[in-house]
Amino acid sequence: MSLFSKLFKQTADPAPEPVAPAPEPVQKKQYYDFIIKSADETTDKALQKYQKFWTDPEDKYDGMKLMEFKEEGSPGDKVYQYPPLDVDVKLEAFIADEDGAVTIKGFILDGADKEIYVGTAAKTKAKKILRILQKEDPRITGELYGGKYWKMEDSGYVDNRWEEDLTVRVYFEW
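If you want it as structure tokens, here you go:
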């Protein structure tokens, strides 16, 4: 036997170790969001009252006075009277018997037993919303935004007569 063969003497391969099963693929969270706009003037008033109640008076217009906004703002800037609010949302789905059309109504939960009707989701999104609600059991959150705001014009003049529809953006997460 040569010296080379003594150094590199072949040995039997050890038994292979058992292989652990592959981990489950990580499922990424999925999201879907849609808006529900205020339905009418009565709804607007109820939503404005809700905004006013749940907003700290110091947070109105981001805590600025009109003169501060004129001095610190830039043309095109706008600041809302009430900041966006996180809200608890309740959805109800209705299916018409005649044509099978789906309607999704949205409500803001205000306390234990009060609901504020907001409006309906777009008809083009209703079937998808219903399908997600039935198959995925998503976590539902919402944000109320819109209303009156100040806007600085290009000339530097601040117009305080602007108003956007009050809107609830609903978020699904599953």
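The working numbering applies: residue 52 is where the sequence shown begins, and numbers increase by one. A virtual CB, placed ideally from N, CA and C, is assigned to each residue, including glycine. Every value quoted in this text rests on a predicted model; they were computed, and no experiment measured them.
Exercise for the section: Grab me the residues of Asp-32's own chain with a C-beta within less than 8 Å of its C-beta, minus the 5 sequence neighbours each way, in chain order. Expected result: This structure gives no information on residue 32, because the portion of the chain shown stretches from 52 to 225.
Problem - Gly-207 to Lys-103 span [Cα, whole Å] - result: Numbered from 1 along the sequence shown, position 156 holds the residue referred to as residue 207. Numbered from 1 along the sequence shown, position 52 holds the residue referred to as residue 103. Cα-Cα distance, rounded: 28 Å.
Problem - Simplified DSSP assignment, three categories, for Met-115 - result: Numbered from 1 along the sequence shown, position 64 holds the residue referred to as residue 115. In this structure, Met-115 counts as coil in the three-state DSSP scheme.
Handout entry: Opening and closing residue of the beta strand (DSSP E) in which Lys-156 lies
Key = Numbered from 1 along the sequence shown, position 105 holds the residue referred to as residue 156. Residues 153-160.
Problem - Same chain, Cβ closer than 6 Å to Pro-135, neighbours up to 5 away in sequence not counted - result: Along the sequence shown, one-based indexing puts residue 135 at 84. A distance below 6 Å between beta-carbons, with the five flanking residues on each side excluded, links Pro-135 to the following residues of its chain, in chain order: Glu-194, Tyr-196.
Problem - Length at least 4, wholly inside the stretch 74-146: the alpha helix (DSSP H) runs in chain order - result: Every alpha helix (DSSP H) stretch that sits fully inside the stretch 74-146 and reaches 4 residues is listed by chain position as 92-105, 117-123.
Problem - Alpha carbon of Lys-186 to alpha carbon of Lys-80, nearest angstrom - result: What you label residue 186 is simply residue 135 of the sequence shown in a count that begins at 1. What you label residue 80 is simply residue 29 of the sequence shown in a count that begins at 1. Their backbone Cα atoms lie some 15 Å apart in a straight line.
Problem - Whole-angstrom distance between Asp-148 and Lys-202, CA atom to CA atom - result: Residue mapping note: residue 202 aligns to position 151 of the sequence shown, counting from 1. Residue mapping note: residue 148 aligns to position 97 of the sequence shown, counting from 1. Distance from the CA atom of Lys-202 to the CA atom of Asp-148, rounded to whole angstroms, is 47 Å.
Handout entry: the stretch 106-115 / the stretch 139-157 touching (three or more Cβ pairs under 8 Å)
Key = Touching, no, given that fewer than three Cβ pairs across the two stretches are closer than 8 Å.
Practice task
List the endpoints of the continuous alpha helix (DSSP H) containing Lys-178.
Solution key: Position 127 of the sequence shown, counted from the start, is the residue given in the question as residue 178. Bounds of the alpha helix (DSSP H) holding Lys-178 are 174-187.
Exercise for the section: Going by CA-CA distance only, name the one from Leu-98, Tyr-200, Tyr-82 that's closest to Gly-170. Expected result: Indexing the sequence shown from 1 puts residue 170 at position 119. Its Cα nearest to that of Gly-170, the residue Leu-98 stands out among Leu-98, Tyr-200, Tyr-82.
Problem - Whether Ala-172 touches Ile-180 by CB criterion (7 Å) - result: On the sequence shown, residue 172 is found 121 positions in, with the first residue counted as 1. On the sequence shown, residue 180 is found 129 positions in, with the first residue counted as 1. In this structure, Ile-180 lies closer than 7 Å to Ala-172 by Cβ.
Practice task
State the CB to CB distance for the pair Asp-216 and Lys-88, rounded to an integer number of angstroms; the pair is presumed to be in contact (CB under 8 Å).
Solution key: In the sequence shown, residue 216 corresponds to position 165, counting from 1. In the sequence shown, residue 88 corresponds to position 37, counting from 1. Confirmed, about 5 Å.
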